[in-house]
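Chains as they are written, first to last, in the working numbering: chain A, 7 to 294; chain B, 112 to 263; chain C, 4 to 341. Contents: one structure, followed by commentary.
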Amino acid sequence: MEALQKIAKEALASKEAAFIIGYARVPGSQKTRPFIARDEAEAGQLVFDEYCQNNLAVYLTRIARPKEGKMGIVAKSCDVRAIVALLQENQIKRNEVYIIGVNCSGVVEDPAQPLSKENLAGKCNMCQAPQPAGTDTVVGEAKPYERADDKVGKLLAQLDSLSPQERFAFWEAEFEKCVKCYACRQACPLCYCEQCIADKSQPRWIESSASVRGNFAWNMIRAFHLAGRCIGCGECSRACPADIPLMLLNRKMGMIAMKEFNYRHGSNMDDPTLVGSYNNSDRNDFIM
Amino acid sequence: MANENFEPKITCFVCNWCTYTGADLAGTSRLKQQPNARLIRVPCTGRIDPVFLIKAFETGADGVLVSGCHPADCHYNTGNYHARRRWIFFRELLNTVGIPESRVHFSWVSASEGKKWVDVVNGVIDKVRQEGPFEGYKKINNEFALPEEVEV
Amino acid sequence: MNYYITTDEKLRELVRTLAEQKWNIISADKQGTRFMYINDGKDLTVDAKARPTKVSAKQFVFPKSEPLFFFKKEHDDLKLIDPQAVQQKTVLFGAKPCDAAGLPIMEKLFNWDYKDEFFNKRVENTVVIGMACDYTDEYCFCTSVGLAPDSEKGSDVFLVPGADNHYVVKEVTPKGAAFIAEFKAIFSEAAQGDIKAVSRTQPAPEKKFNVDEVKNWLDGHFESEYWSKAGETCLGCAQCAFVCPVCHCFDIVDENCAADCGRRVKNWDACQFGLFTKHASGHNPRETQPDRYRQRVSHKFKYYQDKFGETLCTGCGRCSRNCAVGIDIAEIVANIPM
Chain A
7 MEALQKIAKE
17 ALASKEAAFI
27 IGYARVPGSQ
37 KTRPFIARDE
47 AEAGQLVFDE
57 YCQNNLAVYL
67 TRIARPKEGK
77 MGIVAKSCDV
87 RAIVALLQEN
97 QIKRNEVYII
107 GVNCSGVVED
117 PAQPLSKENL
127 AGKCNMCQAP
137 QPAGTDTVVG
147 EAKPYERADD
157 KVGKLLAQLD
167 SLSPQERFAF
177 WEAEFEKCVK
187 CYACRQACPL
197 CYCEQCIADK
207 SQPRWIESSA
217 SVRGNFAWNM
227 IRAFHLAGRC
237 IGCGECSRAC
247 PADIPLMLLN
257 RKMGMIAMKE
267 FNYRHGSNMD
277 DPTLVGSYNN
287 SDRNDFIM
Chain B
112 MANENFEPKI
122 TCFVCNWCTY
132 TGADLAGTSR
142 LKQQPNARLI
152 RVPCTGRIDP
162 VFLIKAFETG
172 ADGVLVSGCH
182 PADCHYNTGN
192 YHARRRWIFF
202 RELLNTVGIP
212 ESRVHFSWVS
222 ASEGKKWVDV
232 VNGVIDKVRQ
242 EGPFEGYKKI
252 NNEFALPEEV
262 EV
Chain C
4 MNYYITTDEK
14 LRELVRTLAE
24 QKWNIISADK
34 QGTRFMYIND
44 GKDLTVDAKA
54 RPTKVSAKQF
64 VFPKSEPLFF
74 FKKEHDDLKL
84 IDPQAVQQKT
94 VLFGAKPCDA
104 AGLPIMEKLF
114 NWDYKDEFFN
124 KRVENTVVIG
134 MACDYTDEYC
144 FCTSVGLAPD
154 SEKGSDVFLV
164 PGADNHYVVK
174 EVTPKGAAFI
184 AEFKAIFSEA
194 AQGDIKAVSR
204 TQPAPEKKFN
214 VDEVKNWLDG
224 HFESEYWSKA
234 GETCLGCAQC
244 AFVCPVCHCF
254 DIVDENCAAD
264 CGRRVKNWDA
274 CQFGLFTKHA
284 SGHNPRETQP
294 DRYRQRVSHK
304 FKYYQDKFGE
314 TLCTGCGRCS
324 RNCAVGIDIA
334 EIVANIPM
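In structure tokens form, the structure reads like this:
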């Protein structure tokens with residue numbers, strides 16, 4: 007914690023970074039939330055521990071770019087993946103960000119409870135490298151943690167074993183709950199379009215009504231726009247006030263990317279994006 | 112499931128340069144095909160946004176066919192390669208939400224393949240007829256049905 | 004005011020009776036996500052100790068999407084078709100005081116210059132069975148906005164948990180009295196002292212701020228520096244407005260039904276969206292997220308006060324509890340540098 011604050015203070019003092027996007031403690035609680043430190047005093051409030059669930063990379067495309075200095079960001083390895091994904095997609099340049107990597111030992115699912123095998127965020131289950139790579143500096147140490155049941159994977163396997171009609175009925179019940187608040191979009195580090203297709207009205211492809219049909223269109227298209235891009239941080243599911251298991255769709259797309267192309271988005275900033283590129287030898291067997 | 116009396120609606124998205132021309136050739140060659148397909152001509156398969164397919168189901172399609180130039184034949188060189196990569200994801204996504212492969216079909220039909228076009232279209236129509244009406248989408252489309260009319 | 008007694012089992016029986024008579028029956032779901040229609044007594048959730056549902060009950064009087072009318076092209080003419088009239092009798096079970104109070108607060112807006120017949124009809128047809136609340140967490144602040152865990156505002160019938168799965172039932176409004184009279188078998192008459200309400204196990208939420216002082220400060224601090232920091236981390240998702248029991252902004256759009264017909268729909272909208280205030284010219288008077296956050300706070304604690312003399316907030320804490328970035332409206336209001 008002190009090491010993190012020290013690095014943040016130095017980065018602000020030397021004007022390397024104009025601000026640091028990090029986590030601060032919610033007063034009177036162990037919970038944390040995103041916090042933007044703009045001076046050394048504020049940098050003293052930065053923390054990092056297992057209660058830091060948020061993927062802060064989302065702010066890189068939301069916050070006003072500084073005129074001078076870089077955008078500083080505290081990033082655990084999954085956040086780094088999102089940052090690399092943004093670099094791959096040319097949304098930011100490497101010299102625009104100052105990345106303070108933090109070694110992570112897993113974060114909680116429910117911030118009201120301490121970290122345990124049962125209370126481990128879904129994304130940490132799937133985490134392949136708790137140590138962030140390619141950052142400007144790294145603090146803290148990563149302790150191994152016990153993985154929990156892969157609930158999303160299990161549910162997805164269950165879903166796959168159903169008939170198409172049953173799957174449709176499952177999603178009909180889930181999407182009926184959607185209130186079209188677009189929290190899934192806003193919380194997503196890779197949903198950065200200046201004008202989302204859902205907000206386009208000429209023509210209106212996705213109905214703005216929160217009808218089941220409009221909700222189907224919205225959630226399918228969002229999942230598709232993240233195909234081969236989702237880095238699996240789970241922020242959409244966490245932000246959803248209707249508890250729709252959005253990660254099922256994102257995970258499925260991730261599995262296809264792995265199976266068909268052996269590709270994981272956000273792994274290497276020099277890789278071309280998956281759906282932005284092609285290969286002559288791509289699978290052709292489903293096309294008549 | 113087979114329903115002899117059911118006539119499916121099939122929406123076809125075809126590229127201007129190959130499949131549309133191929134379908135045209137089928138017509139000028141007086142080849143017969145079943146009349147259940149509605150063609151929508153787009154410049155290139157690369158232009159086909161998956162949202163088009165969703166819109167097709169929203170407007171009552173029971174099945175969808177997407178067709179364009181063979182690999183290496185694209186008028187714009189690479190449009191169909193980009194499209195193919197998208198389809199690999201999209202058909203899995205549709206399948207996951209309960210829109211099975213039997214309702215979403217893909218083909219490559221060149222400008223000279225009038226006969227292939229007829230075979231493909233007839234095949235797709237038969238398959239979807241076998242599958243029956245798309246009850247799932249029809250149900251959620253119902254929300255948009257006009258209410259029983261009360262004059263204002 | 005008359006008092007009655009009922010039990011958990013009898014309420015479930017009531018659900019069965021109502022279902023037979025084709026009432027719409029609304030109850031919280033078992034997961035605590037939202038309110039939903041039920042048809043079976045076993046699905047009834049009346050739990051004073053439960054956390055408020057993630058999404059409030061407002062959508063049953065103010066649906067997330069409501070067709071206003073349909074239109075159909077006929078030759079050169081356009082034919083207008085009314086949606087089916089709202090006439091279904093509805094009962095809302097187990098509304099917490101912070102849910103039930105939302106109805107009379109929204110009623111003022113929907114009856115201000117134009118009387119919204121959809122809203123009014125739904126409210127008129129709905130019997131609200133409120134329930135004293137025995138839940139408190141760090142996000143609750145009903146006591147700060149003039150409510151309490153036992154406020155009857157907005158309820159027609161009010162349940163107070165008693166010993167052994169019993170409820171003390173109060174009739175609050177004539178509508179509630181008529182409902183109780185209609186289902187006499189469920190509610191047995193009692194004198195006020197006949198059965199003791201169990202005392203709360205949770206302390207009432209602490210009072211976090213004074214709405215009058217907040218209003219006074221808001222009156223003169225539109226341009227305050229405070230806002231830039233307060234809304235800085237807001238991502239501009241509008242879950243706060245969509246889960247809120249009193250946020251009532253809506254947008255009206257036309258949608259296609261088929262090639263020759265369409266419908267005009269009233270959809271929820273929210274001030275946290277950038278598009279909410281964007282002009283056709285491209286100019287946006289609320290350019291940044293802090294501007295939008297200021298609007299949210301000001302509407303709740305100033306503008307609605309100015310116009311209707313009420314605070315547009317019931318202190319349920321849903322917006323803060325669900326916020327993905329931990330913004331707590333009570334904390335922001337309480338921390339105003341007054």
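For glycine and all other residues, C-beta sits at the position ideal for the given N, C-alpha and C.
Cross-chain neighbours of residue i in chain B, by beta carbon under 8 Å
| i | result |
| --- | --- |
| Asp288/A | Tyr192, Arg195, Arg196 and Ile199 |
| Gln91/C | The premise fails here: Gln91/C is roughly 14 Å from chain B at the closest Cβ pair, so nothing lies under 8 Å. |
| Gly234/A | Phe200 |
| Lys206/A | Residues of chain B passing the Cβ test: none, with the nearest at roughly 10 Å. |
Partner residues on chain C for residue i, Cβ-Cβ distance less than 7 Å
| i | result |
| --- | --- |
| Leu257/B | Phe73, Lys75, Ile84, Cys260 and Cys264 |
| Cys215/A | With the sequence shown as reference, residue 215/A is identified as Ser, and Cys is not the correct amino acid for it. Residues of chain C passing the Cβ test: Ser68, Glu258, Val268 and Asn270. |
Which of helix, strand or coil DSSP assigns to residue i
| i | result |
| --- | --- |
| Met112/B | Note on Met112/B: pLDDT 48, under 50, position unreliable in the model; the coordinate value appears next. Looking at Met112/B - three-state DSSP - the assignment turns out to be coil, as it is neither helix nor strand. |
| His186/B | coil |
| Trp128/B | coil |
| His216/B | strand |
| Gln36/A | coil |
| Val239/B | helix |
| Ile339/C | coil |
| Gly128/A | helix |
| Val263/B | Its pLDDT being 47, under 50, Val263/B is placed unreliably by the model, and nothing is read from it. |
| Ile108/C | helix |
| Asp80/C | strand |
| His231/A | helix |
| Cys247/C | coil |
Of the listed residues the options, nearest to residue i (C-alpha basis)
| i | options | result |
| --- | --- | --- |
| Ser68/C | Arg266/C, Gln308/C, Asp79/C and Pro340/C | Arg266/C |
| Cys274/C | Asn287/C, Cys145/C and Ala135/C | Asn287/C |
| Phe62/A | Cys184/A, Ile106/A, Cys187/A and Met259/A | A small fix is needed here, since residue 62/A is Leu in this sequence, not Phe. The option with the nearest alpha carbon to Leu62/A is Ile106/A. |
| Ile79/A | Lys129/A, Ala24/A, Val114/A and Gln94/A | Ala24/A |
| Glu155/C | His282/C, Ile183/C, Val131/C and Ile41/C | Val131/C |
| Val35/A | Ala49/A, Ala47/A and Val53/A | This sequence places Ser at residue 35/A; Val is not what is there. Comparing Cα positions, the closest option is Val53/A. |
| Leu18/A | Asp277/A, Ala163/A, Ser287/A and Ile42/A | Ile42/A |
| Gln119/A | Glu56/A, Asn274/A, Arg228/A and Glu213/A | Glu56/A |
| Gln171/A | Phe255/B, Val220/B, Ile210/B and Lys238/B | Ile210/B |
| Val249/C | Val214/C, Thr317/C and Trp230/C | Thr317/C |
| Val32/A | Ile339/C, Gly285/C, Arg299/C and Ile335/C | Ile335/C |
| Cys197/A | Phe174/A, Trp224/A, Leu232/A and Gly75/A | Leu232/A |
Amino acids of chain B, ordered along the chain, whose beta-carbon sits closer than 9 Å to that of residue i
| i | result |
| --- | --- |
| Gln298/C | Correct list: empty, because the minimum Cβ distance to chain B is about 32 Å. |
| Ile262/A | Ile199, Phe200, Glu203 and Leu204 |
Interface partners of residue i on chain A, CB under 9 Å
| i | result |
| --- | --- |
| His186/B | Correct list: empty, because the minimum Cβ distance to chain A is about 16 Å. |
| Gly285/C | In chain order: nothing, as chain A lies at least about 12 Å away. |
| Ala22/C | Result: empty, since nearest Cβ-Cβ is about 20 Å, beyond 9 Å. |
Listed by chain order, chain A residues near residue i by CB distance under 7 Å
| i | result |
| --- | --- |
| Arg37/C | Lys183 and Ala248 |
| Glu118/B | Per Cβ cutoff of 7 Å: no residues; Glu118/B is ~21 Å from chain A at best. |
| Val58/C | Val185, Pro247 and Ala248 |
Within chain A, partners of residue i - CB distance below 8 Å
| i | result |
| --- | --- |
| Pro211/B | Pro170 |
| Gln34/C | Asp249 |
Cross-chain neighbours of residue i in chain C, by beta carbon under 9 Å
| i | result |
| --- | --- |
| Glu241/A | Ala327 |
Interface flag, residue i vs chain F, CB-CB below 8 Å
| i | result |
| --- | --- |
| Tyr188/A | The chain labelled as chain F is not found among the protein chains of the depicted structure, namely A, B and C. |
Check: residue i C-beta below 7 Å from any heavy atom of the ligand SAM
| i | result |
| --- | --- |
| Leu47/C | The model on display carries no ligand, and the ligand SAM is accordingly not part of it. |
- prompt: Of the residues that make up the segment 221-255 of chain B, which ones have a beta carbon closer than 7 Å to any beta carbon in chain C?
  reply: Here the close residues are Phe255.
- request: Using a Cβ-Cβ cut-off of less than 8 Å, give me the residues of the segment 45-66 of chain A that come near chain C, in sequence order.
  value: Asn60, Val64 and Tyr65
- request: Closer than 9 Å, Cβ to Cβ, to anything on chain B: give me those residues from the segment 250-278 of chain C, in chain order.
  value: Glu258, Asn259, Cys260, Ala261, Ala262, Cys264, Gly265 and Arg266
query: Any residues in the segment 264-281 of chain A with a beta carbon nearer than 8 Å to a beta carbon of chain B? Which ones, in chain order?
result: Glu266, Leu280 and Val281
- prompt: Residue ranges of each beta strand (DSSP E) run of no fewer than 3 residues wholly in the segment 255-316 of chain C, ordered along the chain?
  reply: 264-271
- prompt: Mind listing which residues of the segment 22-48 of chain A have their C-beta closer than 8 Å to chain C's C-betas, in chain order?
  reply: Val32, Pro33, Gly34, Ser35, Lys37, Thr38, Arg39, Pro40, Phe41 and Ile42
task: Could you list the residues in the segment 145-178 of chain A with a C-beta less than 9 Å from some C-beta on chain B, going in chain order?
output: Leu162, Leu165, Asp166, Leu168, Ser169, Pro170, Gln171, Glu172, Arg173, Phe174, Ala175, Phe176, Trp177 and Glu178
Whole runs of the alpha helix (DSSP H) within the segment 177-209 of chain C, excluding any shorter than 4 residues: The qualifying runs are 177-185.
Short-range partners of chain A found in the segment 223-246 of chain C, where Cβ spacing is below 7 Å: For the segment 223-246 of chain C, which is checked against every Cβ of chain A, the residues closer than 7 Å are Glu235, Thr236, Leu238, Gly239, Cys240, Ala241, Gln242, Phe245 and Val246.
field: Cβ-based contacts, 8 Å cut-off: residues of the segment 117-133 of chain A near chain C
entry: none
task: Would you mind listing the beta strand (DSSP E) stretches within the segment 89-134 of chain A that are 3+ residues and don't spill past its ends, in chain order?
output: 103-108
query: Given a limit of 7 Å on CB to CB distance, which residues of the segment 148-173 of chain B reach chain A?
result: Pro161, Val162, Ile165, Lys166 and Glu169
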